[in-house]
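**Q**
Protein chains in written order, with my numbering: chain P, 1 to 263; chain D, 1 to 390.
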């Protein structure tokens, strides 16, 4: 008889391991991968119940193969890219909100920014375009990084793989033959970031029209809707016009008086 | 002697004709069948271009992107609370379930946790979203293979769940109810008792469909052995959720991934099926809906009192860092990879939606199947176009 449902295992046991045991499992995962890749592995971070590994660009496919064969990473989550360039059209809320924050300073609890973890082990000897940019966990020395998430359905561990790509000609080996699911993700990344996946059989548009020009998810690609019309959300926190502002502030100033008189 | 009789002549003509017919069949040219973009089996605008040899598909290509809205770009110019409005519209049949992994990822980076009552209500709405979404599938799939009635039953009973979601959140389809650190508001008065009645009703709906559809010999004939996804292939393609559990993979992120939500406190089962065919996918989903109603019942009973919102700063700024949170949504694994640089909005937000991967297996899966089976396979994989195109 085949089993139609999972055993009645108490689910708590699966979730029970606290951070320390899980981290040893993840540490061991990184060590196994390092043994497979040798100097192909550039950097690894185990933090907050997750793993990031940065590998050399030319070891990209070998990494995927090693993960599948040696690490039992049988499940393909996603493949994508990151552009570390500071945004050309920054978040429109940033400018407005600082004023608002000043006004409501006392209401704000401890700003969560305080326990800020050191986000990046400073890239050592990075003499490239990313000078002065923040490049995140296992961040790169170059502008573009390709990003891959794999998961094991048996050990329930996952890891994020990254590789730095060349600024001028971002290209990396395709892993569609290792993980079938990478096929479409590579097509998406190709059209959104302009990364070339060497060995991919059919790098064609998947979301965008075939005559589309440019790579929309690159940070220097303008968001045309914002160029044409400012972000309407700002209206919500816009400061009141002069006359109205006075009128609104005046009753608030003697709020105590009015409250008393009402009673 | 007289020459050939009429009878002989007729036999000769018949053999000639049949030979000619065979020759004609051998010379058939491949035909291209364009399914969609607006075919009801595609739940939106997905196009399947199938190259046919006779009735058999020899090659299939899936064309998507008719609904691409560029959410990953849009998240970069919005604040974290504004992003939930967008991601409500990814999988629009279970919108609340979309909000959860995003909010959890932001909370993980901010290192805050919602109070227990909020976690219970979150989990409850997550499962109710599953019931509303998959409950519709249970009728819809029967509709695709030719049974009209179950679809009406599904729409009728889903409405009860949507009413409950609307009563608490104010939104029937797009609740926008989850907040960083908690929820928008608490449950209204009398809601718990009403929901218990609805869950009972939905269990009856499941029983009804189990007899009407899953136990129907016509339905079984259309679905058994059609569109078999072997476990290894499915995992390499990133097929997830009920689709991969129907291939015998005992893996459910609700159980296997540490999460602040309360699935670990509940008594429930992960349902799997060894066959991996269309019927198995239907069957697993049917069991999951019933299991979800039982989970909601348990949560209603154990609902703790207390606040629903943790203390969060008035202006939400997420500290620099990167977080990946994925949950087992009704359609499968949905995850958000958030890269924050300490600003008001994400620097980069990769949306990993379930349907994109589930559908990417189609070119592999459709090869060698027959035309009527395309519909069964599309229906049983169950995707939402907003979840493919984002």
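Don't be surprised by glycine CBs; every beta carbon is placed ideally from N, CA and C. If you're wondering where the values come from, they're calculated on a predicted model, not measured in any experiment.
Measure the CB-CB distance between residue 369 of chain D and residue 227 of chain D and report whether it falls below 8 Å.
**A** Position 369 of the second chain, counting from 1, holds the residue named residue 369 of chain D. Position 227 of the second chain, counting from 1, holds the residue named residue 227 of chain D. Contact: yes.
**Q** What do you reckon, are the CB atoms on residue 115 of chain D and residue 182 of chain D nearer than 8 Å?
**A** Taking the second chain and counting its residues from 1, one reaches residue 115 of chain D at position 115. Taking the second chain and counting its residues from 1, one reaches residue 182 of chain D at position 182. In contact: residue 115 of chain D and residue 182 of chain D (Cβ atoms closer than 8 Å).
**Q** Excluding sequence positions up to five away, which residues of its chain have a Cβ less than 8 Å from the Cβ of residue 203 of chain P?
**A** Against the first chain, residue 203 of chain P aligns to sequence position 203. Cβ neighbours of residue 203 of chain P beyond the five flanking positions: 186, 187, 190, 196, 197.
**Q** Can you tell me the Cβ-Cβ gap for residue 97 of chain D and residue 130 of chain D, rounded? I've got them flagged as a contact below 8 Å.
**A** Here the question's residue 97 of chain D lines up with position 97 in the second chain. Here the question's residue 130 of chain D lines up with position 130 in the second chain. Sure, about 7 Å apart at Cβ, within 8 Å.
**Q** Taking only beta carbons into account, state which residues of the region 35 to 52 of chain P come closer than 8 Å to chain D, listed in chain order.
**A** Residues passing the 8 Å Cβ filter: 48, 49, 50, 52.
**Q** Quick one: what does DSSP say residue 326 of chain D is sitting in, helix, strand or coil?
**A** Locating residue 326 of chain D in the second chain gives position 326, where the first residue counts as 1. It is a strand residue.
**Q** Roughly how many angstroms lie between the CA atoms of residue 388 of chain D and residue 351 of chain D, to the nearest whole one?
**A** Reading the second chain from its first residue, position 388 is the one you call residue 388 of chain D. Reading the second chain from its first residue, position 351 is the one you call residue 351 of chain D. Near 10 Å, if we compare the C-alpha coordinates of residue 351 of chain D and residue 388 of chain D.
**Q** Please determine, among P:138, P:63, P:73, the residue with the shortest C-alpha to C-alpha distance to residue 173 of chain P.
**A** Taking the first chain and counting its residues from 1, one reaches residue 173 of chain P at position 173. The shortest C-alpha separation from residue 173 of chain P is found at P:63.
**Q** Counting only Cβ pairs nearer than 9 Å, list the residues of chain P close to residue 357 of chain D.
**A** For the purposes of this step, residue 357 of chain D is taken as residue 357 along the second chain, with counting starting at 1. Result: 76, 77, 78, 181, 184, 185.
**Q** Quick check: residue 145 of chain P and residue 81 of chain P, are their CB atoms within less than 8 Å of each other?
**A** The residue labelled residue 145 of chain P in the question sits at position 145 within the first chain. The residue labelled residue 81 of chain P in the question sits at position 81 within the first chain. Taking 8 Å as the Cβ cut-off, residue 145 of chain P and residue 81 of chain P qualify as a contacting pair.
**Q** Beta-carbon of residue 360 of chain D versus every beta-carbon of chain P: anything under 8 Å?
**A** Locating residue 360 of chain D in the second chain gives position 360, counting from the first residue. Chain P, which has a Cβ nearer than 8 Å to the Cβ of residue 360 of chain D, makes this yes.
**Q** Unbroken beta strand (DSSP E) runs of length 3 or more, entirely within the region 21 to 94 of chain P: which are they?
**A** Counting only runs of 3 or more, we get 41 to 47, 50 to 55, 75 to 83.
**Q** Grab me the residues of residue 154 of chain P's own chain with a C-beta within less than 8 Å of its C-beta, minus the 5 sequence neighbours each way, in chain order.
**A** Counting from one through the first chain, the residue named residue 154 of chain P turns up at place 154. The answer, listed in chain order, is 72, 74.
**Q** DSSP beta-bridge partners for residue 51 of chain D?
**A** As a working mapping, residue 51 of chain D is identified with position 51 in the second chain. For residue 51 of chain D, which the question treats as bridged, DSSP gives the partners D:32, D:59.
**Q** Between residue 127 of chain D and chain P, is any beta-carbon pair separated by less than 8 Å?
**A** Translated into the one-based positions of the second chain, residue 127 of chain D becomes position 127. It does not; no Cβ of chain P falls within 8 Å.
**Q** Between which two residues does the beta strand (DSSP E) containing residue 148 of chain P stretch?
**A** Numbered from 1 along the first chain, position 148 holds the residue referred to as residue 148 of chain P. Residues 144 to 151.
**Q** Using only the alpha-carbon positions, how far apart do residue 302 of chain D and residue 202 of chain D sit?
**A** On the second chain, position 302 is the one that residue 302 of chain D refers to. On the second chain, position 202 is the one that residue 202 of chain D refers to. For residue 302 of chain D and residue 202 of chain D, the distance between alpha carbons rounds to 20 Å.
**Q** Spell out the partners DSSP gives residue 162 of chain P in its beta bridges.
**A** Counting from 1 along the first chain, the entry for residue 162 of chain P is found at position 162. DSSP, once it has assigned bridges, lists P:54, P:147 as partnering residue 162 of chain P.
**Q** With a CB to CB cut of under 6 Å and the five nearest residues on each side skipped, what residues in its chain are close to residue 52 of chain P?
**A** One-based indexing of the first chain puts residue 52 of chain P at position 52. Taken in chain order, the residues that qualify are 45, 137, 138, 160.
**Q** So, under 8 Å CB-CB, residue 392 of chain D and residue 366 of chain D are touching, yes? Tell me the CB distance rounded to an integer number of Å.
**A** The question about residue 392 of chain D has no answer here: the residues shown for chain D are numbered 1 through 390.
**Q** At least one CB of chain D closer than 8 Å to the CB of residue 216 of chain P: is that the case?
**A** Indexing the first chain from 1 puts residue 216 of chain P at position 216. Yes, residue 216 of chain P lies at the interface with chain D (some Cβ there is under 8 Å from its Cβ).
**Q** Going along chain D, which residues have a C-beta under 8 Å from residue 137 of chain P?
**A** To locate residue 137 of chain P, count along the first chain from 1; it is residue 137. Simply 321, 322.
**Q** Measuring CA to CA, which of P:219, P:178, P:152 is closest to residue 26 of chain P?
**A** Taking the first chain and counting its residues from 1, the one referred to as residue 26 of chain P is at position 26. Looking at the Cα atoms, P:152 is the closest of the given residues.
**Q** Closer than 8 Å by C-beta to residue 169 of chain P: which residues in its own chain qualify, once you throw out the five before and the five after it? Chain order, please.
**A** The residue labelled residue 169 of chain P in the question sits at position 169 within the first chain. The residues are 196.
**Q** Can you find a C-beta in chain P that's less than 8 Å from the C-beta of residue 341 of chain D?
**A** Looking up residue 341 of chain D in the second chain gives position 341. Judged by the 8 Å Cβ criterion, residue 341 of chain D is in contact with chain P.
**Q** Would you call the CB atoms of residue 113 of chain D and residue 310 of chain D closer than 8 Å?
**A** By one-based count along the second chain, residue 113 of chain D stands at place 113. By one-based count along the second chain, residue 310 of chain D stands at place 310. Going by C-beta atoms, residue 113 of chain D is nearer than 8 Å to residue 310 of chain D.
**Q** What separation, rounded to the nearest whole angstrom, lies between the Cα atoms of residue 176 of chain D and residue 126 of chain D?
**A** What you label residue 176 of chain D is simply residue 176 of the second chain in a count that begins at 1. What you label residue 126 of chain D is simply residue 126 of the second chain in a count that begins at 1. Approximately 12 Å between the Cα atoms of the pair.
**Q** Who are the near neighbours of residue 363 of chain D in its chain, counting only those whose CB is closer than 7 Å to its CB and skipping five residues on each side?
**A** Along the second chain, read from residue 1 onward, the residue named residue 363 of chain D stands at position 363. Hits under 7 Å: 60, 61, 62.
**Q** For residue 156 of chain P and chain D, any beta-carbon pair shorter than 8 Å?
**A** Sequence index remark: in the first chain, residue 156 of chain P carries index 156 (1-based). By this cut-off, residue 156 of chain P is an interface position.
**Q** Residue 78 of chain D to residue 216 of chain D, Cα distance in whole Å?
**A** Within the second chain, numbered from 1, the residue matching residue 78 of chain D stands at position 78. Within the second chain, numbered from 1, the residue matching residue 216 of chain D stands at position 216. If I take the Cα positions, the gap works out to 49 Å.
**Q** Would residue 294 of chain D pass as a contact of residue 119 of chain D if the rule is Cβ separation under 8 Å?
**A** On the second chain, position 294 is the one that residue 294 of chain D refers to. On the second chain, position 119 is the one that residue 119 of chain D refers to. Cβ atoms of residue 294 of chain D and residue 119 of chain D: not closer than 8 Å.
**Q** With residue 197 of chain P as the anchor, note down where its beta strand (DSSP E) starts and where it stops.
**A** One-based indexing of the first chain puts residue 197 of chain P at position 197. 196 to 198 is the extent of the beta strand (DSSP E) around residue 197 of chain P.
**Q** Need the endpoints of the alpha helix (DSSP H) that residue 80 of chain D sits in, please.
**A** As a working mapping, residue 80 of chain D is identified with position 80 in the second chain. Here the alpha helix (DSSP H) through residue 80 of chain D covers 80 to 87.
**Q** Residue 172 of chain D and residue 166 of chain D look like a contact to me (Cβ under 8 Å); what is the Cβ gap, rounded to whole Å?
**A** Position 172 of the second chain, counted from the first residue, corresponds to residue 172 of chain D. Position 166 of the second chain, counted from the first residue, corresponds to residue 166 of chain D. Going by Cβ atoms, the distance from residue 172 of chain D to residue 166 of chain D rounds to 4 Å, so yes, they are a contact pair.
**Q** Quick check on this structure: which residue in P:214, P:224, P:207 has the alpha carbon closest to the alpha carbon of residue 45 of chain D?
**A** Counted from its first residue, the second chain places residue 45 of chain D at position 45. If we check each option's Cα against that of residue 45 of chain D, P:207 comes out closest.
**Q** What three-state label does DSSP hand residue 187 of chain P in the structure shown?
**A** The residue labelled residue 187 of chain P in the question sits at position 187 within the first chain. Helix, per DSSP.
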